[in-house]
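Residue numbers (the working numbering): 9 to 418. Just so it is clear, CB atoms sit at the ideal spot from N, CA and C, and this is done for glycine as well. Since the structure comes first, as structure tokens, the remarks are kept for the end.
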């Protein structure tokens, strides 16, 4: 009897969370529509785009070409590597040959006490044009739309916003089960951003900050010793009481495929970083994914294995049905919202309709495994380097690389 009461309580709790998530999906879609209805910004400051690189990503030249083809009249692009022989420099060279934009390649110190990405960013901001008013940070695997830059910087015209952010949306170059599962896993995080500027977070792959704000808050120094650039910026903005604006038009496609091993490497890495930099969010993810997995599995077993027509069977069936309807509805609205801001990927997004509306059933189990992995380890392998996150302000590298010239500009 006690077990049945506990199961009924947990089932009701899961249904309530699913209903809340469904309502958030409605708000997410409406927010996208409202933002798209606004006229394009006419603010055109000088902008510096900083793109840290390490190795060659799938479709890298196309990604860089998208940065080159933004509809803002005046901006520069600074690519930052930690080795002049990095193969990414060949891709950058090809882009430069095909562009009239101001493009720099900067070689940063090899990291000794922070992630290489952070070290690259810290170097990149030092090389910005003196006229630049806004710093924009972008990942090398992101492929933004032509209006991305103008839309991303637009909120910063209002001094009340400390930062503006987009997020990633994974699109499989060659759809596989692992790639599609990663996309659905990532989509659940993407839809946690929205109109609430107090609860939004920054994503370093599509993020803009006024130069004056960046320097006043001493973000370059706050990055020192850290692994995560975006969690650090989010914390700085929260401490300063500045709002973070999520810009739907700044949602960027990451077009690449992955194996199941690569999918788990990526998702485990994200949750390990979350545990160190945002432990409350990690706990919430752990509890939430555990609740979903335990209730849905128990409901399925009761419905399938029970030989009698009991109240528990009907509660199990009702729980599975309610959670399924609400979850599919949330996934459908989320995908519809994304289609509005990425029409250039309409065919690929249309092909995701089935996986986005079905694989949500598996992602809580992936989250639970990720959170469990994060419970036992704070070590990650990122772009070929192993890092141990001692704390949110201290990072250890497994091997210390030899530094090279700091201010080499190609």
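Looking at the DSSP output, residue 112 shares a beta bridge with 86.
The beta carbons of residue 284 and residue 215 sit no closer together than 7 Å. A direct Cα-Cα distance of roughly 14 Å separates residue 65 from residue 88. The criterion of a C-beta distance shorter than 7 Å is not satisfied by residue 159 and residue 78. Residue state for residue 338 is assigned as helix, using DSSP reduced to three classes. When C-beta atoms of the segment 24-41 are compared with those of the segment 57-76, fewer than three pairs fall below 8 Å, so the two segments do not count as touching. Boundaries of the beta strand (DSSP E) harbouring residue 172: 169-173, taken from the DSSP string. Residue 395 and residue 127 have their alpha carbons spaced roughly 13 Å apart. For residue 11, the enclosing alpha helix (DSSP H) starts and ends at 10-44. Under DSSP, residue 216 forms a beta bridge with 144, 172. Put simply, the backbone Cα of residue 261 is about 43 Å away from that of residue 321.
Beta-bridge analysis with DSSP links residue 389 to 394. In this model, residue 193 and residue 132 are separated by some 31 Å (Cα to Cα). A distance of 7 Å or more separates the beta carbons of residue 212 and residue 121.
Between the beta-carbon of residue 75 and that of residue 59 there is about 7 Å, and that keeps the pair under the 8 Å contact cut.
Ranked by how close their Cα comes to the Cα of residue 222, the residues 110, 271, 142, 313 have 142 in first place.
Within the same chain, 343, 346, 347, 350 come within 7 Å of residue 357 by CB-CB distance, once the 5 residues on both sides are set aside.
Within its own chain, the residues whose Cβ lies closer than 8 Å to the Cβ of residue 151, once the five positions on either side in sequence are excluded, are 67, 70, 71, 74, 260, 261, 262, 263, listed in chain order. The segment 105-121 makes no contact with the segment 183-193, as fewer than three CB pairs between them are under 8 Å.
Rounded to whole angstroms, residue 296 and residue 84 show a C-alpha spacing of 43 Å.
Between the alpha carbons of residue 129 and residue 390 lies a gap of roughly 16 Å. Residue 171 is positioned such that its CB atom lies closer than 7 Å to that of residue 217. Note on residue 291: under 16 other CB atoms within 10 angstroms of its CB, so exposed under the neighbour-count rule. Taking the CA atoms as reference points, residue 31 sits about 48 Å from residue 91. CA-CA distance, residue 164 to residue 55, rounds to 12 Å. Here residue 13 is exposed, its C-beta having fewer than 16 other C-beta atoms within 10 Å.
Secondary structure of residue 55 (DSSP, three-state): strand. For residue 403, the enclosing beta strand (DSSP E) has its first and last residue at 402-405.
When rounded, the separation of the alpha-carbon atoms in residue 206 and residue 312 is 44 Å. Comparing alpha-carbon positions, the option among 293, 334, 267 lying closest to residue 278 turns out to be 293. Put simply, of 352, 334, 340 the residue whose alpha carbon is nearest the alpha carbon of residue 25 is 334. Within 10 angstroms of the beta-carbon of residue 267 lie fewer than 16 other beta-carbons, which makes it exposed.
One alpha carbon belongs to residue 401, the other to residue 355, and they sit about 43 Å apart.
The beta carbon of residue 236 sits closer than 7 Å to the beta carbons of 281, 285 from its chain, once the five residues preceding and following it are set aside; these are given in chain order. Shortest Cα-Cα distance from residue 341 to any of 18, 11, 41 involves 41. Checking the DSSP bridge columns, you'll see residue 178 partnered with 262.
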